[in-house]
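Enquirer: Next up is a structure, given as structure tokens.
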Amino acid sequence: MAKTSDRAALNEWYAIETSADLTAKPIRTRLLGQDIELFRRENGEAVVREVEAGWPVGPALPVRERYGCVWTTLGHPNKEIFEIAEADEADRRFVPCGWVKMRASGLRVVENFLDMAHFPFVHADILGAEPHTEVPGYLSEIRRDVDEVWATNCTFFQPRIAATESEGAFVQLTYRVPTPFVVMLYRVCPTAPERLDAIALFIHPIEEDLCRAQPVMYLVDTASTQTSLLNFEQVIFLQDRIIVENQRPLLLPLEPRQEIPTRADSSSVAYRRWLKEKGVRFGTTMGAA
Ligand SMILES: [Fe+2]
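Residue numbers (my numbering): 125 to 413.
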């Protein structure tokens, strides 16, 4: 497919590679249907260019390196990459979990990340367990001042909420969608209850129904090994991959749901409304041509 004409999608920043993995050897990939090439110059600078008919063309695209990733845009973002305040706290464990490729719309991946109702079924005995299947009421809102979607006051019974924990408990969760293709989770930290673990999911939309996603965590956790943290997140994420790849349609419908939304879906309803207001079409059933 060719580069999308969806201005709303083009004018966002996207994480497209892990900074540590970028070398002088060019990497070819696609972003929003556009072929691109990226590499690192000898002076350390990351370079991203569009590719046409097999050759790099045009001026270098804007590049940022933040949160362990290389970010670029094919358009003209009206603001810098969103802030993750926890990334600046020196005592945090930074855990980039690696990219997972999925045959699904990146927007579907965001919506799945927002959904607590699947915990007991998809992540049985880790993030949820029967008979604790009810999603207690929470608040979803589009925050106009920052142009983000937030879901607050979320609670859910989890048998094993983090790599450090083996006992079940009600966790307090906050969800944040800072851009259409990024979703975050803040979780009261089990070992430091006055602080929040921050987990971001960066999505690299390749085509409308194909993406890569990387969870990046900023944790307050001095006990776990990096391997156990990675394993914990990867088990969960591979369970999610099966779910999103089997959703039909693969693209996200923005029209009102066929089924009657329940209270548990309110974050998904707010997210879809926000995407529609922004005019995002790439990865939706509205079509991005
Ligand atoms: Fe999940």
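Quick reminder that beta carbons are idealized off the backbone N, C-alpha and C, glycines included.
According to the Cβ coordinates, are R336 and D321 closer than 8 Å?
Expert: Reading the sequence shown from its first residue, position 212 is the one you call residue 336. Reading the sequence shown from its first residue, position 197 is the one you call residue 321. Against a cut-off of 8 Å, the Cβ pair of D321 and R336 comes out as no contact.
Enquirer: Leaving out five residues before and five after A324 in sequence, what residues of the same chain have Cβ atoms less than 6 Å from its Cβ?
Expert: The residue labelled residue 324 in the question sits at position 200 within the sequence shown. Counting only Cβ-Cβ distances below 6 Å, and skipping sequence neighbours, we find M308 and V340.
Enquirer: Could you pull the start and end residues of the alpha helix (DSSP H) that V359 belongs to?
Expert: The residue labelled residue 359 in the question sits at position 235 within the sequence shown. First-last of the alpha helix (DSSP H) with V359: Q350 to E369.
Enquirer: For M410, tell me which candidate among R164, A177, L378 and G292 has the shortest Cα-Cα distance.
Expert: Start at 1 with the first residue of the sequence shown, and residue 410 comes out as number 286. Residue L378 is the option with its Cα nearest to M410.
Enquirer: For the pair the region 151-167 and the region 354-361, tell me if three or more CB-CB distances fall below 8 Å.
Expert: Not touching, per the Cβ criterion.
Enquirer: Quick one: complete alpha helix (DSSP H) runs, 4+ long, within the region 289-334?
Expert: None, since the region 289-334 contains no complete alpha helix (DSSP H) of that length.
Enquirer: Helix, strand or coil for L419, going by three-state DSSP, please let me know.
Expert: Residue 419 lies beyond the range of the chain shown here (125 to 413); nothing can be said about it.
Enquirer: State the Cα-Cα distance for the pair T276 and A177, rounded to the nearest angstrom.
Expert: As a first step, residue 276 must be located in the sequence shown, where it is residue number 152. As a first step, residue 177 must be located in the sequence shown, where it is residue number 53. Distance between the alpha carbons of T276 and A177 is about 47 Å.
Enquirer: Do three or more CB pairs link the region 368-376 to the region 244-251 at distances below 8 Å?
Expert: Too few Cβ pairs lie closer than 8 Å, so no.
Enquirer: Compute the distance between the beta-carbons of V181 and V187, then report whether it is under 8 Å.
Expert: Locating residue 181 in the sequence shown gives position 57, counting from the first residue. Locating residue 187 in the sequence shown gives position 63, counting from the first residue. No.
Enquirer: Measuring alpha carbon to alpha carbon, tell me which of A241, P373 and R232 ends up nearest P329.
Expert: In the sequence shown, counting from the first residue as 1, residue 329 sits at position 205. That would be R232, whose Cα lies nearest to the Cα of P329.
Enquirer: Would P342 and I205 qualify as a contact pair, given that the criterion is a beta-carbon distance under 8 Å?
Expert: Counting from 1 along the sequence shown, the entry for residue 342 is found at position 218. Counting from 1 along the sequence shown, the entry for residue 205 is found at position 81. It should be noted that the sequence gives Tyr, not Pro, for residue 342. It is not a contact, given that the beta carbons lie outside the stated cut-off.
Enquirer: Flag this pair as touching only if the region 191-204 and the region 151-165 have three or more C-beta atom pairs under 8 Å; answer yes or no.
Expert: Judged by Cβ distances under 8 Å, the region 191-204 makes contact with the region 151-165, as three or more pairs qualify.
Enquirer: List the residues that DSSP assigns as beta-bridge partners of I266.
Expert: In the sequence shown, counting from the first residue as 1, residue 266 sits at position 142. Beta-bridge pairing links I266 to V273.
Enquirer: Pull up the distance between the alpha-carbon of L185 and that of S229, whole angstroms please.
Expert: As a working mapping, residue 185 is identified with position 61 in the sequence shown. As a working mapping, residue 229 is identified with position 105 in the sequence shown. Using only the alpha carbons, I get a separation of about 24 Å.
Enquirer: In or out: W179 buried (at least 16 other Cβ within 10 Å) or exposed?
Expert: On the sequence shown, residue 179 is found 55 positions in, with the first residue counted as 1. Exposed: under 16 other Cβ atoms inside 10 Å.
Enquirer: Less than 7 Å between the CB of D364 and some heavy atom of ligand 1, yes or no?
Expert: As a position in the sequence shown, residue 364 is number 240, starting the count at 1. Yes, since a heavy atom of ligand 1 falls inside the 7 Å radius drawn around the Cβ of D364.
Enquirer: Quick check: the Cα distance between A144 and P150, rounded to an integer number of angstroms?
Expert: Translated into positions along the sequence shown, residue 144 becomes position 20. Translated into positions along the sequence shown, residue 150 becomes position 26. The straight-line gap from Cα to Cα measures roughly 14 Å.
Enquirer: List the residues that DSSP assigns as beta-bridge partners of K225.
Expert: Taking the first residue of the sequence shown as position 1, residue 225 is located at position 101. Per DSSP, R336.
Enquirer: Under the three-state reduction of DSSP, which class applies to D159: helix, strand or coil?
Expert: Along the sequence shown, one-based indexing puts residue 159 at 35. In this structure, D159 counts as strand in the three-state DSSP scheme.
Enquirer: Answer yes or no: the CB of H247 versus the heavy atoms of ligand 1, is any distance below 7 Å?
Expert: Counting from one through the sequence shown, the residue named residue 247 turns up at place 123. Because some heavy atom of ligand 1 lies under 7 Å away, the Cβ of H247 counts as near it: yes.
Enquirer: Does the beta-carbon distance from L263 to F280 come in below 8 Å?
Expert: Indexing the sequence shown from 1 puts residue 263 at position 139. Indexing the sequence shown from 1 puts residue 280 at position 156. Against a cut-off of 8 Å, the Cβ pair of F280 and L263 comes out as no contact.
Enquirer: Would the C-beta of I323 count as close to ligand 1, meaning under 7 Å from any of its heavy atoms?
Expert: In the sequence shown, residue 323 corresponds to position 199, counting from 1. It does not: the Cβ of I323 is nowhere closer than 7 Å to a heavy atom of ligand 1.
Enquirer: Just the Cα atoms here: how many angstroms apart are W274 and P302?
Expert: For the purposes of this step, residue 274 is identified with residue 150 of the sequence shown, where counting begins at 1. For the purposes of this step, residue 302 is identified with residue 178 of the sequence shown, where counting begins at 1. Distance between the alpha carbons of W274 and P302: 9 Å.
Enquirer: Looking at the unbroken beta strand (DSSP E) that takes in V234, where does it start and where does it end?
Expert: By one-based count along the sequence shown, residue 234 stands at place 110. Segment G230 to L238 is the alpha helix (DSSP H) holding V234; no beta strand (DSSP E) there.
Enquirer: Just the Cα atoms here: how many angstroms apart are G292 and P314?
Expert: As a first step, residue 292 must be located in the sequence shown, where it is residue number 168. As a first step, residue 314 must be located in the sequence shown, where it is residue number 190. Between G292 and P314, the C-alpha separation is close to 11 Å.
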